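Count along the sequence shown from 1, add 2, and you get the number used in the numbering used here. Each residue gets a CB set at the ideal place from its N, CA and C atoms; glycine is no exception. As the structure is a computational prediction, the values presented were derived from the model and not from experiment. Read the structure below first, then the notes.
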Amino acid sequence: MKKSSTLTTTTSVPASPTLSAQTLSASKISLNSSRCGSTTGSQCGGSASGGSMRSACQSPVRPGSGCVDAIKAKREEIEMETLLEKAKFYTSVCLGTTAILSVFTFLFLIPFVVDPAISTIIADYDPVPVTCIVIDHIYAEGIKNCSWSSCREGCTSSLTKCHQLFVNYTRIPFSEWERNPRDLDTVNWDVSYTKFLINSEGCGYPPTTNCSVFARQYGFSHIGEPFPCYYSRAYPEVVIGRYSWENNLYHLILSLIIPNVLFAISIGVLSYWYCPCCEKACNKSSRVYAEKFPTKEEIVNCMKCNTEKSLSLNVF
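Okay, here's the thing in structure tokens:
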């Protein structure tokens, strides 16, 4: 009986170290599994655990934490940046188009608005209308006979038909003439038989300029009737029928400011976005565009941790 009890005691002693090793192995597996579920992106498993470690890494990870959430957050960030870059691209196209159109618009306005407005300012027309009468009206046809015209529809068109009006004017204001009419034979005209133009350019475009209406208003049966006109204080022989200092200055300012301001704003924004000198001056980050994306090692490591919910490399 003593031998048997001694044998039993001897065989039961090595059982305790065996159980401790299993417990230690299980704790290592649990520890490695918890590490794989974190967002550190480190490699999973080890040589000691083998297939048990791979099975632990392949277990599903909670949606609130883990590699999948990190990749999803990175993906959302990249999608937002891609959307902003698309908006920036289309905005840049619009700004470039605006800059080009502003240049062509300004070049188009120079001969039609800017130059006539400056010429009108230089001519220095008297803003108070004086008294004029038409003394002669000639209607001519043919390029040779139309060396000039009082009214011209289209400032660049060739003259084949023209109305030529000649006037006398006195510097008596027309408002005073209306209050106290005078006999035309007794009036001392300041300038006689001078050319009469519809405006400072002598031309315009429909519907504001209609030469047939202009001729009927001042010529034909209205010859000899007093009407208001404007003479040039710089060139007294120049007389026109339409003049407004406010409108002339208004059109000049708009023609100079609007195209140039649009061009300056467009070029300024494009330079701020794409000019390297402006980028350095503004102390922008010199981060490379490729650094916005996760590295290949980070994606592979997270895919090893959770192969069921891993994202494809094509997403990036």
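Determine the direct distance from the alpha carbon of residue j to that of residue i, and round the result to whole angstroms.
i, j, result
"Cys205", "Ser104", "25 Å"
"Ser268", "Leu86", "19 Å"
"Glu155", "Phe106", "23 Å"
"Ser121", "Glu83", "53 Å"
"Val70", "Glu81", "16 Å"
"Thr210", "Ala89", "42 Å"
"Gln219", "Arg244", "13 Å"
"Thr162", "Ile140", "14 Å"
"Trp179", "Thr172", "10 Å"
"Val115", "Lys74", "59 Å"
"Arg77", "Leu256", "48 Å"
"Ser159", "Leu258", "26 Å"
"Val240", "Pro175", "17 Å"
"Pro129", "Ser177", "13 Å"
"Arg235", "Ser151", "22 Å"
"Glu299", "Thr99", "43 Å"
"Phe91", "Pro208", "41 Å"
Which term fits residue i, buried or exposed, when burial requires 16 or more other beta carbons within 10 angstroms of its beta carbon?
i, result
"Cys96", "exposed"
"Leu109", "exposed"
"Ile145", "exposed"
"Phe198", "buried"
"Pro118", "buried"
"Thr93", "exposed"
"Tyr127", "buried"
"Cys213", "buried"
Can you confirm whether residue i, when its beta carbon is compared against all beta carbons of chain B, has any partner nearer than 8 Å?
i, result
"Ser234", "The structure shown contains no chain B; it is built from a single protein chain."
Assuming residue i and residue j are in contact, meaning their beta carbons sit under 8 Å apart, how far apart are those beta carbons, in whole angstroms?
i, j, result
"Ile200", "Phe216", "5 Å"
"Phe168", "Ile123", "With a Cβ gap of about 26 Å, Phe168 and Ile123 do not count as contacting."
"Cys157", "His165", "Not really, about 16 Å apart at Cβ, beyond 8 Å."
"Asn170", "Ser194", "5 Å"
"Ala320", "Tyr237", "Coverage of the chain is limited to positions 3 through 318, which leaves residue 320 absent and any answer about it impossible."
**Prompt:** Would the stretch 192-207 and the stretch 257-270 be scored as touching if the rule is three or more Cβ pairs under 8 Å?
**Reply:** In short, these stretches do not touch, since the Cβ pair count stays below three.
**Message:** Under 8 Å: do the stretch 230-237 and the stretch 130-139 share three or more Cβ pairs, one atom per stretch?
**Reply:** Short answer: they touch.
**Asked** So does the stretch 180-190 actually touch the stretch 249-256, counting three or more Cβ pairs closer than 8 Å?
**Response** no
**Prompt:** Which runs of the beta strand (DSSP E) fall wholly inside the stretch 114-148 and span at least 3 residues, in chain order?
**Reply:** When DSSP assignments are scanned along the stretch 114-148, the uninterrupted stretches of beta strand (DSSP E) that are 3 or more residues long and fall wholly within it turn out to be 132-143.
**Prompt:** Mind pulling the beta strand (DSSP E) runs of 3 or more residues that sit fully within the stretch 139-202?
**Reply:** 163-175 and 193-199
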